[in-house]
Structures are given as structure tokens and as C-alpha cells.
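Visitor: Letter 594 of the sequence shown, counting from 1, is numbered 593 in numbering that gives the first Met the number 0, and no numbers are missing.
Quick one: structure below, then a few questions.
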Amino acid sequence: MATEREGDQLSVTVIPDPACAQGLKATWGLGKQMFVFAGMHHKVQEEMRGNLESPTYIHQVKWDTEMHEPITRKLVNESRNIFMLLQHKVTECSGAALKPHLVKASRQYRAVLKACSINLHTAAGSTFNEEERERLERQVQIYEMIELIWSLCEMLFIEVSPGGVILTQLLEWLRWNFCEAETQALEVMQYDPPENHKEYWDTIYRFVLQGRVDNARKLLSLHSQIGEDSFQSLDELLKKLPLQAILCGDEDIFSELKDLCETWYHMLVSKMLYQNPTVKASDLQYYVHGCINEYAARGRLGELDNILIAALEFDIHQVIKDCSSVLGSWWFVVHLTDLFHHSGGLEAQKQGYGSNLREFLLLEYASGLMSHNSLWQIGIDYFDHCPEFGRSYLELYLEHIPLDTEKKAWKILRICEAREMNHQVRSICRSMGMKALHNGRLGSALSWCLRSKDVAFATMITEKFLTEYTDKGDFSNLDLIDKLGPSMLLSKRLTFLGKYREFHKLYEDGDIYAAAELLLSLLTARLTPRQFLLTLLTDALPMLEYEEVIFTSHQTYELMYCLESITLSKTQDDHKPPKGESQSGAQVKKGLSETEKEKIELMRLALARNLARAILKEGTLKA
């Protein structure tokens, strides 16, 4: 099945594909294809014989993937650098001062496009896959069309010559895009004698039509009769302008040589050279239809013809519209429209979709890049230069990028932080923190937690650290906890964790009095989680047994109060009696585990002894 484009209609070609057992493969434009499986592959069907379940239907759709290939990815990367440099220049200068930078950027874009086209041509010549070669050759043809359109638009809208006289630039345009004369000249010069080659005079005519008089004279000099008067006269005519014969710009002569011009736009430039060399760019449109009529026998105009006509008529919006629908991806129209916009040739009018044309195209192009596993980083730079909707688009896309690795997550996180996307920062950190937590990596989870500044998440992670300490009697990731610094103030639980670790360091360093004071402050400041109070109080036990009295009588009373509070809270929470019944002593005992009862008894004894020692010491000091 095949349909052709008419106006804005879509051209779709559907062909049978070996990979589709009972399906079709549809391709349209560049980088767009769809596989539709109407059933299963025959091998799968054989394996599932007897299974009553209906076959699975698979639909694979690829959209705007032209720039995802290795060769075109290089084009995307290099053009991104040109784009970013130009945006920087736009902030520094404007008006006439900006024009040289616009011209330079346009030529750089065309240079990287030409390099990409050469690489595609090389790849097409080296592949043995017929379908792949045809696809690459089609892509080369489209890129050559882009180069032709871009170079013309550069002359008309960007590098506007003083007074509007454009012939010199048009002749250069012909030389770059019509190379048949050079190719034929090489063949002719290798022939012996050259004038006997069937293309000898046609090649001379081609050079003259392109204004390349020196090349024409060089080829004429190879003629064996160059010394005769007639040839000398012709050489003299070629040497001096204005020229005669064809050189007089005779209409009938151009009609005879139209096949050597190949296209109406080649003939247009040739006519201007010999009929109106001072023509202005704005007046070219008045000569277009006369040249088109010369090629009327070839049928209706093609898509390229319509784009070139729109350009010559200075209809920028029509050029952009036709290029968008004909030339595959958004790459070309995005960068060309950006140049138009900065050159002042594109009206900054609102479109029906809410933004100006430049921003709309930038959004579409960037969106296409965001679906690739590496080009998404380039897409971000284009979103950054969409003042109205770029940030909204970027936030949505960043939220949906798979966080496959920590390296990728950190990269996205830095992007969000640089743009103050606080919601996305918290979302990424929480997602990565939960992933690390599920994998048992508490240290990594805490790092992500601190980055997110999420209080609830910080509290949950801290609880995990405290539970680990309760189970194992030690903390993991001590280096991270030791470096919490002001970050510990994010939540009460995290503050407690940091201070509790500080207590351990003081104790290990032998600063017992400072450790004891910090421990007491943790018990009395209501920072300690209730389930951790007994563990914290037990940490005071070694200091209560010191030969030297560490805790004063007042501090000992504080510790006793904490111990009784812990005992009451645990028994009341664990064994609340039914409504209307009192709680017996047996029920109180059942509320404590054997280990907890042993710890409490030891603490009571140690506190009683310490109280006696403290009172004795304090009485002695008073005496």
C-alpha cells in the first residue's frame, strides 16, 4: 500500500516485513516507523499450541527518531554548541552588531550539515543491506535539499547585502549546489582530444551559465583550433563583460539551453546574470514564473520548488510550514527559525498554540530529543531558551526520565538544582533514597535524604539507623554521621542521631564529664525517641560505675526520674487493661521483657549507689 503527499496529506508506505509474521511495517518521512503484529510469529505459535489463550497483539511505534542514529547524533551535538554560542551572543549585542554572529552561526550549521551528509553518503556506499542503503540515500537527498534551501534563505534573510543587490551571492549559490559542470570538465580534459568529447561544448555552456567564465576559457583553450581567429574572438568575448550572444541574455537562447540549467531556479540566476545583474533580492519573485514556465512540460512543481518560491517571495512562515511537513525532523526548521527570529525577520506574534513560532518549534525539537537515552541532556539546553513554556516542559520530562543509575540520578539532580526545581529535587532524592534503603544501603539513603531536605524521609531513615544500633550495638556509615554538621537540624530524629554519635565520640575520647552532660541533656530535652530511651539510659551505666563520681546528686535524680518514666510508659502502652478494669502488678511485670527487666534493675542499683556516693562527696565538699 502506498499513498503520496498532496498538499498537507501524509505519505505512508506499507510493505511486508519478514519480522512480521502476520503483520505490516509502515514507514513515513524520516525516523518514523510502525510495526503492527496481527498475530504471533509462527515459532511462538508452535510452542504455544494447545494454549487456549488468544495471541498477544504487539504495536511498536517510533516517532521523530531520525536524530537518534550515530551519524545524526553527531550533527545534534555539534549544532547544539552553535546554538548555545549564538544565544550567548544575542544577550551581548543586537542590531547591526549581531548580524556577523548570525551569518557565522548559519554557515557553521551548514558546515556540520554538509559533514553529516558526507558521512551518510559514505555509510550508504559501505552497507550491503539494500533497504538500509536506500534509506540512507533518501536521507542524503533530503539533507542536500536542506542545504539548498538554507543557503538561499541565508542570502535573502540573514546576510542581506547593502542595497539588496544579490547576484554575486546567487552565483556562489549555483556553484555550491550545481556541480555537474565540474564533473563533466574532468572527463572532458582526460579525453584526447578534448573537443571530441560529446559533452565538450555543453560543459563550456554550463560554466558560462554559472558565470564561471575563467573555467569556460580554460576549457576552450584546450581546443586544437584555439589559435584561429574565430576562437580568439570568442575567448575575447568571454574575457570582457558585458557578454554577447547567450551573453546578450537572449530569451530564445535560454530556452534552447534550459536542459543545461537543469532547474528553473538555475535559469533564474543565469538570466539575472546576463539580463539584470543589478537585480535586488526583493525583485527576484517577478522573474520566477517566467523561468518556471520554461519547465512546464515536466509536470507540476515539487515540494522543493514550492519552498524556494515561498523564500523568493519573502514568505518566511510558508517556508517554515512547508519545511516542517516535508523535511523529516525538526532539526532544520528549529535552527533556521531561530536565526530568522534573531535577525528580526520573524514576527513575534502569538500562535494558536499559546507561544510564538520559535518557541513552539524549540519545544517540539527538544521533546524529540528527550526520548533518547543520551540526547535528553541536549534537549534540556533548548528548553532553557523557551521563556514561556520551557520550564514547564522540562519539569515534566525530568520527572519521567528513568533513574537507572546513581550517576544518572546525580546528573539530573544537578540539573534541577541549577534551575531551582525544588519539587523535582525532592522527588529524585526520595526515589533514590528509597531505592538505596530497599537495597540495605543506609549510608547512601541518608545522603539522598539530606539532599532532599525532606523532614519525614529524614525521620524514617534515622529510625532505621537507630534500629540497626539497637540490634547490632554499633552504627554503620560512621564517617557520614560524623559529618552531618548543620544538616542534623533537618529533623528532631536526625538531630538526636547526630548528638548521640557525638556522645559516643566524647566517651571514646575519654571526655567523660562532657559525655555525661550530653547524655543527660538528650534524656531531658525530649529529643530521644521513646523506644530508644532505655538504650540511652543504659549507656549511662558504665559512667555510674566509675571510681570517680561523674553524675551529681541532682543529675542522678534526673536519671532516676527518666528510668521511672520509661518503666511506666512501657507497661502502660504494652498492657493496657480493658475499659473499667484496673492494672495489676502481674500485668505490669508482663509489660517488660526479661532483658528489659534486668537492665532496669541494674540501673536502679547503679543509680542508688551513685546517689549515695554523690551525696557523700557533695557533703564532704561543703564541709
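Even glycine gets a Cβ: it sits at the ideal position worked out from N, Cα and C.
Bear in mind that the values here come from a model prediction, so they are computed numbers and not experimental data.
Report the rounded CA-to-CA distance for Leu489 versus Glu595, giving the unit in angstroms.
Guide: Distance between the alpha carbons of Leu489 and Glu595: 32 angstroms.
Visitor: Counting beta carbon pairs with one atom in the stretch 508-523 and one in the stretch 556-563, are three or more of them shorter than 8 angstroms?
Guide: Output reads yes: the stretch 508-523 touches the stretch 556-563.
Visitor: Would DSSP call Asn372 helix, strand or coil?
Guide: If DSSP states are grouped into helix, strand and coil, Asn372 belongs with coil.
Visitor: Contact check, Ile315 vs Gly343 under 8 angstroms by CB: the rounded distance?
Guide: Rounded, the Cβ-Cβ distance is 11 angstroms, inconsistent with contact.
Visitor: Nearest CA to the CA of Val318: which residue from Phe382, Leu307, Thr551?
Guide: Nearest C-alpha to Val318: Leu307.
Visitor: Ordered along the chain, which non-local residues of its own chain (more than five positions away) have a Cβ less than 8 angstroms from that of Ala515?
Guide: Correct list, in chain order: Ala539, Met542, Ile549, Phe550, Gln554.
Visitor: I'd like to know whether the C-beta atoms of Ile70 and His334 end up nearer to each other than 9 angstroms.
Guide: No, the Cβ-Cβ distance between Ile70 and His334 is not below 9 angstroms.
Visitor: If Leu237 sits next to Ala215, beta carbons under 8 angstroms apart, how far is it from one beta carbon to the other, in whole angstroms?
Guide: Contact flag correct, Cβ pair sits at about 6 angstroms.
Visitor: Count the other CB atoms within 10 Å of the CB of Phe495; is the residue buried (16 or more) or exposed (fewer)?
Guide: Label assigned to Phe495: buried.
Visitor: Ile480 to Glu507, Cα distance in whole Å?
Guide: Each residue's alpha carbon lies about 16 angstroms from the other.
Visitor: Hey, out of Asp282, Glu235, Leu170, Arg174, whose CA is closest to Gly162's CA?
Guide: Closest option to Gly162, Cα to Cα, is Asp282.
Visitor: For Asn76, list the residues DSSP reports as bridge partners.
Guide: In DSSP, Asn76 forms no bridge with anything.
Visitor: Does the stretch 278-296 come close enough to the stretch 89-107 to have 3 or more Cβ pairs within less than 8 angstroms?
Guide: Short answer: they don't touch.
Visitor: Check whether the Cβ atoms of Tyr204 and Leu151 lie closer than 9 angstroms to each other.
Guide: Their beta carbons are not under 9 angstroms apart, which means Tyr204 does not touch Leu151 by this criterion.
Visitor: Where Leu562 and Ala613 are concerned, what is the direct C-alpha to C-alpha distance, given to the nearest angstrom?
Guide: The alpha-carbon atoms of Leu562 and Ala613 are separated by roughly 18 angstroms.
Visitor: Among residues of its own chain, excluding the 5 on either side of Ala268, which ones have a beta-carbon nearer than 6 angstroms to its beta-carbon?
Guide: Checking the sequence shown, residue 268 turns out to be Val, not Ala. Taken in chain order, the residues that qualify are Leu169, Leu173.
Visitor: Just the Cα atoms here: how many angstroms apart are Ala309 and Tyr142?
Guide: Ala309 and Tyr142: Cα-Cα distance of roughly 19 angstroms.
Visitor: Any idea if Trp175 is buried or exposed, counting beta-carbon neighbours within 10 angstroms, 16 or more meaning buried?
Guide: Burial call: exposed.
Visitor: Between Leu218, Ala122, Leu84, which has its C-alpha nearest Gln183's C-alpha?
Guide: Checked all of Leu218, Ala122, Leu84; the closest Cα to Gln183 is Leu218.
Visitor: Tell me which residue opens and which closes the alpha helix (DSSP H) that Arg205 is part of.
Guide: Note, Arg205: alpha helix (DSSP H), 199-208.
Visitor: Please determine whether the Cβ atom of Ile565 lies at a distance below 8 angstroms from any heavy atom of the ligand FMN.
Guide: In terms of ligand content, the structure shown is empty, and the ligand FMN therefore cannot be addressed.
Visitor: How is Val164 classed by DSSP in three states: helix, strand or coil?
Guide: Val164: strand per DSSP, three-state reduction.
Visitor: Please report the distance separating the alpha-carbon of Arg440 from that of Thr404.
Guide: In a straight line, the C-alpha of Arg440 is about 14 angstroms away from that of Thr404.
Visitor: Where does Lys279 sit, in a helix, a strand or coil, going by DSSP?
Guide: DSSP places Lys279 in strand when its eight states are reduced to three.
Visitor: Starting from Arg211, trace the alpha helix (DSSP H) both ways and give me its first and last residue.
Guide: Premise fails: Arg211 is in no alpha helix (DSSP H) and is neither H nor E.
Visitor: Between which two residues does the alpha helix (DSSP H) containing Ile400 stretch?
Guide: Neither: Ile400 is in no alpha helix (DSSP H) and is coded neither H nor E.
Visitor: Which class does Ala539 belong to by DSSP, given the choice of helix, strand or coil?
Guide: If DSSP states are grouped into helix, strand and coil, Ala539 belongs with coil.
Visitor: State the CB to CB distance for the pair Ile145 and Met154, rounded to an integer number of angstroms; the pair is presumed to be in contact (CB under 8 angstroms).
Guide: Going by Cβ atoms, the distance from Ile145 to Met154 rounds to 15 angstroms, so no, they are not a contact pair.
Visitor: Less than 8 angstroms between C-beta atoms, sequence neighbours within five positions excluded: which residues of the same chain meet that for Arg425?
Guide: Here the set comprises Ser451, Lys452, Asp453.
Visitor: Closest to His422 by CA distance: which of Ser443, Arg390, Ser446, Gly442 is it?
Guide: Of Ser443, Arg390, Ser446, Gly442, the residue nearest in Cα terms is Arg390.
Visitor: Tell me the rounded alpha-carbon separation between Thr466 and Glu398.
Guide: Their backbone Cα atoms lie some 32 angstroms apart in a straight line.
Visitor: Which value, in whole angstroms, describes the spacing of the CA atoms of Ala435 and Glu77?
Guide: For Ala435 and Glu77, the distance between alpha carbons rounds to 37 angstroms.
Visitor: Determine the direct distance from the alpha carbon of Gly442 to that of Pro485, and round the result to whole angstroms.
Guide: Answer to the nearest angstrom: the Cα atoms are 17 angstroms apart.
Visitor: Excluding five sequence neighbours on each side, which residues of the same chain lie with their C-beta closer than 8 angstroms to the C-beta of Asn438?
Guide: There are no such residues.
Visitor: Given a threshold of 16 other Cβ atoms within 10 Å of its Cβ, counted over all protein chains shown, does Phe456 qualify as buried or as exposed?
Guide: By the 10 Å Cβ count, Phe456 comes out buried.
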